[in-house]
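Trainee: Quick note on the working numbering: the sequence shown kicks off at 408 and runs consecutively.
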Amino acid sequence: MSLTETPTARRRRIPAVEVLEPRAFDSWTHTRNGDPRGYIDAHRLKELWIHTGTACNLACPFCLEGSHPGDGRIPGMKLSDVKPFIHEAIDMGVEQFSFTGGEPFVIRDFVNILDYASQHRPCFVLTNATEPLRKRRHQVLPLLDNPYPIHFRVSLDFPDRARHDKDRGEGSFDLALEGIRWLIEQGFKVSIARQTDPEEIPSDVEAVFRAIFRDWHIPENLAFTAFPDLGTPGSEDGSPEITETCMEKYPTKESRAHFMCTYTRMLVKKGDRVRVYACTLVDDDPQYDLGGSLAESMDERIMLRHHRCFSCYRFGASCSAPG
Numbered sequence: 408m409s410l411t412e413t414p415t416a417r418r419r420r421i422p423a424v425e426v427l428e429p430r431a432f433d434s435w436t437h438t439r440n441g442d443p444r445g446y447i448d449a450h451r452l453k454e455l456w457i458h459t460g461t462a463c464n465l466a467c468p469f470c471l472e473g474s475h476p477g478d479g480r481i482p483g484m485k486l487s488d489v490k491p492f493i494h495e496a497i498d499m500g501v502e503q504f505s506f507t508g509g510e511p512f513v514i515r516d517f518v519n520i521l522d523y524a525s526q527h528r529p530c531f532v533l534t535n536a537t538e539p540l541r542k543r544r545h546q547v548l549p550l551l552d553n554p555y556p557i558h559f560r561v562s563l564d565f566p567d568r569a570r571h572d573k574d575r576g577e578g579s580f581d582l583a584l585e586g587i588r589w590l591i592e593q594g595f596k597v598s599i600a601r602q603t604d605p606e607e608i609p610s611d612v613e614a615v616f617r618a619i620f621r622d623w624h625i626p627e628n629l630a631f632t633a634f635p636d637l638g639t640p641g642s643e644d645g646s647p648e649i650t651e652t653c654m655e656k657y658p659t660k661e662s663r664a665h666f667m668c669t670y671t672r673m674l675v676k677k678g679d680r681v682r683v684y685a686c687t688l689v690d691d692d693p694q695y696d697l698g699g700s701l702a703e704s705m706d707e708r709i710m711l712r713h714h715r716c717f718s719c720y721r722f723g724a725s726c727s728a729p730g
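#1: Hey, could you find the ends of the alpha helix (DSSP H) residue 589 is sitting in?
#2: With residue 740 as the anchor, note down where its alpha helix (DSSP H) starts and where it stops.
#3: By alpha-carbon positions, which one of 635, 579, 624 and 587 ends up nearest to residue 606?
#4: Our contact map puts residue 452 next to residue 705 with C-beta atoms below 8 Å; I'd like the distance itself, whole angstroms only.
#5: Here's the rule: buried if 16 or more other CB atoms are within 10 angstroms of the residue's CB, otherwise exposed. What is residue 505?
#6: Three-state secondary structure (DSSP) at residue 503?
#7: Enumerate in chain order the residues of its own chain whose CB-to-CB distance from residue 442 is below 6 Å, with the five nearest sequence positions on each side excluded.
#8: Only counting the same chain, and skipping five residues up and downstream in sequence, which positions put a Cβ closer than 6 Å to that of residue 725?
#9: Are the C-beta of residue 495 and some C-beta of chain B separated by less than 7 Å?
#10: To the nearest angstrom, report how far apart residue 546 and residue 610 are at their CA atoms.
#11: Skipping 5 residues on each side, what residues in its chain have a beta carbon closer than 6 Å to that of residue 428?
#12: Which residue or residues does DSSP assign as beta-bridge partners of residue 493?
#13: CA-CA distance, residue 604 and residue 498?
#14: Just mark residue 524 as buried or exposed, buried being the case when its beta carbon has 16 or more other beta carbons within 10 Å.
#15: With DSSP as the reference, please indicate the residues paired to residue 696 in a beta bridge.
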């Protein structure tokens, strides 16, 4: 359905709790109503994401990757897996290497991968900054001497210890704050990933965070990236489908630049092979597998079929580092 919904269309919209037909079974090129889908053609590779694997020390029920201890939906990455892609990306003019999981520091070879990548480009790491980071501080600290900087974005869901710990586990809030403080004290750049509430006033929420930072002797000027609920793998939230007509409001390359698939790709390990996916949010749908090389993947047209594509459309959602 188009984003301009008629009363009839609103009545037909699929509720999140009553999924009748997963979008994974829809046509790649057309919506359920038969309209041509909106799409993105890539511009150039600026950022390469590397999925380290879905294993995590936590088991958050809302996790968009479905991660938990020992999870193997996406196997752990090794340095030997990513080296060829790092050099291919450099040849293509990549500006940054970024890492997500699971929890990257759970993966045995992650520090070796991060060490190698930060020899060549700036790096950006998503982490919960709890026990796995604490156990590997002695390995992380020498990375400050590498030629390129490493920026860590730490997940701190809400400025409320009880609410944060309800899903992440008792003590997680304080451990994350300890991790943030340690990273900053060593000289790493840090920002915060938080969750949004539908009726929130962002400045008010962030003011509460900053008061907590003061109490913990953490700088108050940390940047925030606020995320809507993106759902768990394979879920469907009933969001509107994006048509070619919807995309008429993004007529130029410049106006489409906030869509991650214009400038990013993500490496995902499938079995013993590394595949290239369109972005960080669609690895639960094999139709976003764009092949085995970065160069080939940039020639593929990305159909905005995944329900998380609507989050990018509506909110300008981006997993990239804040400017």
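We put the beta carbon where it would ideally sit given N, CA and C, even for glycine.
Owing to the predicted nature of the structure, the values given are computational and were not obtained by experimental measurement.
Mentor: Concretely, from the data shown:
#1: Mapped onto the sequence shown, residue 589 falls at position 182. Per DSSP, residue 589 belongs to the alpha helix (DSSP H) from 579–593.
#2: The structure shown does not extend to residue 740, since the chain is modelled only from 408 through 730, so no value can be given for it.
#3: Here residue 606 refers to the residue found at position 199 of the sequence shown. Residue 606 has its Cα closest to that of 635, out of 635, 579, 624 and 587.
#4: The residue labelled residue 452 in the question sits at position 45 within the sequence shown. The residue labelled residue 705 in the question sits at position 298 within the sequence shown. Residue 452 to residue 705, Cβ: 6 Å. Contact.
#5: Position 98 of the sequence shown, counted from the start, is the residue given in the question as residue 505. Result: buried.
#6: As a first step, residue 503 is located in the sequence shown; it is residue number 96 there, counting from the start. Secondary structure at residue 503: strand, using DSSP grouped into helix, strand and coil.
#7: Counting from one through the sequence shown, the residue named residue 442 turns up at place 35. Taken in chain order, the residues that qualify are 650.
#8: In the sequence shown, counting from the first residue as 1, residue 725 sits at position 318. Answer for residue 725: 667, listed in chain order.
#9: No chain B is part of this structure, which consists of one protein chain only.
#10: Stepping through the sequence shown from its first residue, residue 546 is reached at position 139. Stepping through the sequence shown from its first residue, residue 610 is reached at position 203. Distance between the alpha carbons of residue 546 and residue 610 is about 36 Å.
#11: Here residue 428 refers to the residue found at position 21 of the sequence shown. A caution first: residue 428 carries a pLDDT of 49, below 50, which makes its placement in the model unreliable, though a value can still be read off. Scanning its chain for C-beta atoms nearer than 6 Å, with the 5 sequence neighbours on each side dropped, one finds no residue around residue 428.
#12: Mapped onto the sequence shown, residue 493 falls at position 86. Looking at the DSSP output, residue 493 bridges to nothing.
#13: Translated into the one-based positions of the sequence shown, residue 604 becomes position 197. Translated into the one-based positions of the sequence shown, residue 498 becomes position 91. Spanning the two alpha carbons is a distance of roughly 41 Å.
#14: The residue given as residue 524 occupies position 117 in the sequence shown. The residue is buried, with at least 16 neighbouring Cβ atoms inside 10 Å.
#15: Counted from its first residue, the sequence shown places residue 696 at position 289. Secondary-structure assignment with DSSP links residue 696 through a beta bridge to 684.
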